[in-house]
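So the sequence lines, in the order shown, correspond to chains A and B. Residues in the first sequence are numbered from 1 upward in steps of one, following my numbering. Residues in the second sequence are numbered from 306 upward in steps of one, following my numbering. C-beta atoms are modelled at their ideal positions from N, C-alpha and C, and glycine is treated no differently. Computed from a predicted structure; not experimentally measured.
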Amino acid sequence: MRAFIIRRIGQSVLDCLGVAVVTFLLLRIAHDPVYVLLPPESTQEEIETLRKAMGFDRPLPVQFAFFMGRLLRGDFGNSFVMAQPASLLIWERMPATLGLSLAGMAIALIVAIPLGVLAAFRRNTLVDTFCTSFAVSGQAMPIFWFGIMLIIVFAVQLKVLPVSGSGSFLHLVLPAVTLALNLAPIIMRLTRSRMLDVLSQDYIRTARSKGVMERAVLFRHALRNAAISVVTIIGLQFGRLMGGAVITEAVFAWPGVATLVVSSIYNADFPVVQAATFYLAIFIVAANTLADIAVAWLDPRISRG
Amino acid sequence: MTTEARPVASISAPGREAPADVRGGVPLGHRLWRVRYGLIGAFIVLLVLACAFLAPWAAPHDPYRGVVSRRLIPPAWEAKGSAGNLLGTDQVGRDYLSRIIFGSRISLAAGFLSTVLAALIGIPLGVTAGYFGGRWDSFVSFAVNVMLAFPGVLLALAVISVLGPSFVNLILVLGVTSWPLYTRVVRTEVMSCREQEFTTAARGIGGTQRRIILRHILPNLASTILVVSTLEVAHNILREAFLSFLGLGVQPPIPSWGGMLSEGRTYMLNLWWLAAFPGIAIFTTTLGINLLGDALRDFLDPHQTS
Numbered sequence: 001m002r003a004f005i006i007r008r009i010g011q012s013v014l015d016c017l018g019v020a021v022v023t024f025l026l027l028r029i030a031h032d033p034v035y036v037l038l039p040p041e042s043t044q045e046e047i048e049t050l051r052k053a054m055g056f057d058r059p060l061p062v063q064f065a066f067f068m069g070r071l072l073r074g075d076f077g078n079s080f081v082m083a084q085p086a087s088l089l090i091w092e093r094m095p096a097t098l099g100l101s102l103a104g105m106a107i108a109l110i111v112a113i114p115l116g117v118l119a120a121f122r123r124n125t126l127v128d129t130f131c132t133s134f135a136v137s138g139q140a141m142p143i144f145w146f147g148i149m150l151i152i153v154f155a156v157q158l159k160v161l162p163v164s165g166s167g168s169f170l171h172l173v174l175p176a177v178t179l180a181l182n183l184a185p186i187i188m189r190l191t192r193s194r195m196l197d198v199l200s201q202d203y204i205r206t207a208r209s210k211g212v213m214e215r216a217v218l219f220r221h222a223l224r225n226a227a228i229s230v231v232t233i234i235g236l237q238f239g240r241l242m243g244g245a246v247i248t249e250a251v252f253a254w255p256g257v258a259t260l261v262v263s264s265i266y267n268a269d270f271p272v273v274q275a276a277t278f279y280l281a282i283f284i285v286a287a288n289t290l291a292d293i294a295v296a297w298l299d300p301r302i303s304r305g
Numbered sequence: 306m307t308t309e310a311r312p313v314a315s316i317s318a319p320g321r322e323a324p325a326d327v328r329g330g331v332p333l334g335h336r337l338w339r340v341r342y343g344l345i346g347a348f349i350v351l352l353v354l355a356c357a358f359l360a361p362w363a364a365p366h367d368p369y370r371g372v373v374s375r376r377l378i379p380p381a382w383e384a385k386g387s388a389g390n391l392l393g394t395d396q397v398g399r400d401y402l403s404r405i406i407f408g409s410r411i412s413l414a415a416g417f418l419s420t421v422l423a424a425l426i427g428i429p430l431g432v433t434a435g436y437f438g439g440r441w442d443s444f445v446s447f448a449v450n451v452m453l454a455f456p457g458v459l460l461a462l463a464v465i466s467v468l469g470p471s472f473v474n475l476i477l478v479l480g481v482t483s484w485p486l487y488t489r490v491v492r493t494e495v496m497s498c499r500e501q502e503f504t505t506a507a508r509g510i511g512g513t514q515r516r517i518i519l520r521h522i523l524p525n526l527a528s529t530i531l532v533v534s535t536l537e538v539a540h541n542i543l544r545e546a547f548l549s550f551l552g553l554g555v556q557p558p559i560p561s562w563g564g565m566l567s568e569g570r571t572y573m574l575n576l577w578w579l580a581a582f583p584g585i586a587i588f589t590t591t592l593g594i595n596l597l598g599d600a601l602r603d604f605l606d607p608h609q610t611s
């Protein structure tokens, strides 16, 4: 187990390094990074000063070493608009994004897992058709549009919930439901197919043939063994969760990282965009690693095999 | 599970059977439903394709020409609607139905072209990684892991912030950020093909690696690639719509569903249709492609009924 954890953490450190490389290259896909980093009205002198300061005139590997040195100190430069370190701005916004993500994930799990189990247990019945249809239409739904429709119905027509922004628990409801819709269909489909796998195992057939009641088969035998798969599923969906949070925040003006990123793009405030991309990716790597370790802890076969 | 143990009714059911089926296998009605879903998907896809190709003839009005006296007319069935503008008009008096019909061109073009780009990057990487293995494989798998660590939309946003918004950049960004799925799926598939007898046989009679890959392995990947492609097209249509919605994709006055949604949002407090119709168009198109993709998977890969 310890060897597995060490190996897995080593791999995630390597992934973080890869994330840093991509973040570094992000700026270099422009013809001349200086124009991305400086406001359009800068003078020739300012441009040359920055080029020297950032080392853009030096070879790429040297630039990368320079970049890594700053990155390890969490230094992505100052935001052009707010004249504060970009990292600081991101970290101020992070709690709002994480709060929204957790709420969305919680709703998605509460809805999707029971539906997935039910669909598998009542496979090829009307119940299954209904659940699967829900998943198929959910996957095709543009969630930013779904969010707007929720606003029209619940905030504009019924006036029971606020349109956008944050501050109270009620502000969280619509964004969290929107975000949950981005996750629930895929979680439901995965739960259903894992559950079908479990239900086809020998020990389930043994339990059934012994005359164990169907309800006991489901709750005592099948669900317990499907739980491990569910943890894996949650771990794998973190990337999707953060992607969904980006979209949801943009629709509801939720004061998280993504809203800041979008406004930074309009303002050509690149350091903030770069810092946000980096930190969210690192967060996803960390979440995936933790999920893998949790699964290995629940299912010893994995760390040994 | 042996065949004898199974009730007669389930023998006709395709694919791997789970004991949840003991009560009678896949009923005929349910299987017909599945076929019907696929047909509905195919019908929707054909309809959207027809809209895109025949837009100049199918659209009742010019999607760019606004009539100032006819602004913000509600859909024809509303109290103040007009039969001349079936889905009403927008804030500058352009016919909404015509703009929706022309919008299908942007969505399909962006979805299709970016997926082709993703396939051109992802498939060669996946094939070579799966076939040659070793260090190259480790490197490719590492690259896939790193790409998947970025929340897809955010990476696309970041790249757009550097390149600037335009249709070509949109396709580049969507393509370059969505290849890892191809690589991952193709790599696994190639690894299993490599060990199969037809590959060993081809190697045995002196086939070159190039020939084995192109003539023996690639044709076996066709159905997988087709299924992944339908999913990717649908996914990229959604992402294009979101980027255009943020104003970072196709620029106005070109009609795109995402862009129309973003303009319509300003009026959503009392003019619901401006925000509703583009979304319905995006949803229906994506749903059609997904249904078709699911049906294709059932049809091409009977081992994997889901």
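Identification of chain B residues near residue 139/A by a Cβ-Cβ cut-off of 7 Å yields 595, ordered along the chain. Check the Cα spacing between residue 273/A and each of 18/A, 36/A and 13/A: the tightest is with 36/A. For residue 156/A, a Cβ of chain B is located within less than 8 Å of the residue's own Cβ. DSSP places residue 52/A inside the alpha helix (DSSP H), whose first and last residues are 44-54.
Bridge partners of residue 365/B according to DSSP: none are assigned. The Cβ of residue 591/B sits closer than 8 Å to at least one Cβ of chain A. Excluding five sequence positions before and after residue 82/A, the CB atoms of its chain that fall closer than 7 Å to its own CB belong to 89, given in chain order. Leaving aside the five residues that flank residue 584/B on each side, the residues in its chain whose CB is nearer than 8 Å to its CB run, in chain order, 562 and 566. Here DSSP, grouped into helix, strand and coil, assigns residue 114/A to helix. Comparing alpha carbon positions, the residue from 438/B, 427/B, 418/B and 411/B closest to residue 489/B is 427/B.
At a cut-off of 8 Å between beta-carbon atoms, residue 463/B makes contact with chain A.
In chain B, no part has a C-beta under 8 Å from the C-beta of residue 299/A; the shortest such distance is about 21 Å. In this structure residue 84/A is exposed. Its beta-carbon is surrounded by fewer than 16 other beta-carbon atoms within 10 angstroms. Contact between residue 364/B and residue 409/B is absent: CB atoms are separated by about 10 Å, not below the 8 Å threshold.
Those residues of the region 568-581 of chain B placed with their C-beta closer than 9 Å to a C-beta in chain A are 569, 570, 573, 574, 575, 577, 580 and 581, ordered along the chain. Not flagged as an interface residue toward chain A: residue 343/B, since no C-beta distance is shorter than 8 Å.
Using a Cβ-Cβ cut-off of 8 Å, residue 104/A does not count as an interface residue toward chain B, since no Cβ of chain B sits closer than that to its own. The CB of residue 24/A never comes closer than 7 Å to any CB in chain B; the least such distance is about 12 Å. Within chain B, no residue has its CB atom less than 7 Å from the CB of residue 188/A, the nearest being about 12 Å off.
With its beta carbon less than 8 Å from one in chain A, residue 466/B belongs to the interface. Chain-ordered listing is empty here: chain B has no CB closer than 8 Å to the CB of residue 212/A, the nearest sitting near 13 Å. By the Cβ neighbour-count rule, residue 33/A is buried, with 16 or more other Cβ atoms within 10 Å of its own. Residue 503/B counts as exposed, since fewer than 16 other C-beta atoms from the protein chains shown sit within 10 angstroms of its C-beta.
The beta carbon of residue 12/A lies closer than 6 Å to those of 285 and 289 in the same chain, with the five residues before and after it left out.
Across the region 440-456 of chain B, CB contacts with chain A closer than 8 Å involve 447, 448, 450, 451, 452, 453, 454, 455 and 456, in sequence order along the chain. Within the DSSP secondary-structure output, residue 541/B pairs in no beta bridge.
At a beta-carbon threshold of 8 Å, none of the residues of chain A lie near residue 384/B; the nearest stands roughly 17 Å away.
Collapsing the DSSP output to three states places residue 269/A in coil. Under the Cβ criterion of 8 Å, residue 142/A is counted among the residues facing chain B. Around the C-beta of residue 558/B, fewer than 16 other C-beta atoms lie within 10 Å, and the residue is accordingly described as exposed. Nearest CB-CB separation between residue 149/A and chain B: below the 8 Å threshold. With a threshold of 8 Å between beta carbons, residue 550/B makes contact with chain A.
Ranking 243/A, 183/A and 255/A by CA distance to the CA of residue 234/A puts 183/A first. The straight-line gap separating the alpha-carbon atoms of residue 505/B and residue 512/B is approximately 10 Å. DSSP, read as helix, strand or coil, puts residue 61/A in helix. Three or more beta-carbon pairs separated by less than 8 Å link the region 538-545 of chain B to the region 471-486 of chain B, which places the two stretches in contact.
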